[in-house]
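Below is one structure, written out as structure tokens; the observations come after it.
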Amino acid sequence: MHNSKYLESLKLNSLSNTAVRQLVFSVLSSNTQPLSMNELIAFCNKVDRVSVYRTIDIFEKIGIVSRINLGWKYKLELSDNFKEHHHHLSCNVCGAIVDFEEPETLNRELEKIALIKNFIVEQHALELRGTCIDCQIKQNTKQLLP
């Protein structure tokens, strides 16, 4: 199913399905967590860095890939066109990213805000930043040590 949407996206933008594009798409679709560029390049180890960067640039422009900004860094994942709409919890310490879906009540509140501000929302993203449980435990353990 993902592959047919992917091919359709390329076709709609008059792009061919090159081996590099197929590999990058396959790597992103087979990973459950967003990937940094370095991680993506490592998975595409037989492809030069420039080709991976160019492919990601194209994929972002045509809506195949979404960028998750983490300060001055970022990670990449397939866009909502290829997976359920979701948001992220990001750990400021280790960089872990956890997906979550917003409850319908929050979605309604976001719609109300847009209506009050006379704004038509086409898409939205919500990211919560903090410290994951593993990093909390590590920090508490360090504090307990003499």
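Counting in the numbering used here, the sequence shown runs from 1105 upward without gaps. Backbone N, C-alpha and C fix where the C-beta goes; we use that ideal spot for every residue, glycine too.
**Prompt:** According to the neighbour-count rule (16 or more other Cβ atoms, all chains shown, within 10 Å of its Cβ), is Tyr1178 buried or exposed?
**Reply:** exposed
**Prompt:** Would you say Pro1138 and Ile1201 are within 7 Å of each other, going by their C-beta atoms?
**Reply:** yes
**Message:** Which same chain residues end up closer than 7 Å to Glu1206 when comparing Cβ atoms and leaving out the 5 residues on each side of it in sequence?
**Reply:** His1191 and Leu1230
**Request:** Would you kindly check if the distance between the Cβ of Val1169 and the Cβ of Val1151 is under 7 Å?
**Result:** no
**Item:** Assigned exposure category for Glu1215 - 16 Cβ within 10 Å defines buried
**Value:** exposed
**Request:** Have a look at Ser1140 and Gln1227 and give me their C-alpha separation to the nearest angstrom.
**Result:** 23 Å
**Prompt:** Buried or exposed: where does Ile1217 fall if 16 or more other Cβ atoms within 10 Å of its Cβ makes it buried?
**Reply:** exposed
**Asked** Which residues in the same chain as Leu1210 place their Cβ atom closer than 6 Å to its Cβ, once the five residues preceding and following it in sequence are excluded?
**Response** none
**Prompt:** Excluding the five sequence neighbours on either side, which residues of its own chain have a C-beta within less than 8 Å of the C-beta of Met1185, listed in chain order?
**Reply:** Before going further, note that residue 1185 is Asn rather than Met in the sequence given. For Asn1185, where only same-chain residues beyond five positions count, the Cβ hits under 8 Å are Lys1109, Ser1113, Gly1167 and Ile1168.
**Prompt:** What residues match up with Val1197 in a beta bridge as DSSP calls it?
**Reply:** Per DSSP, none; premise fails for Val1197.
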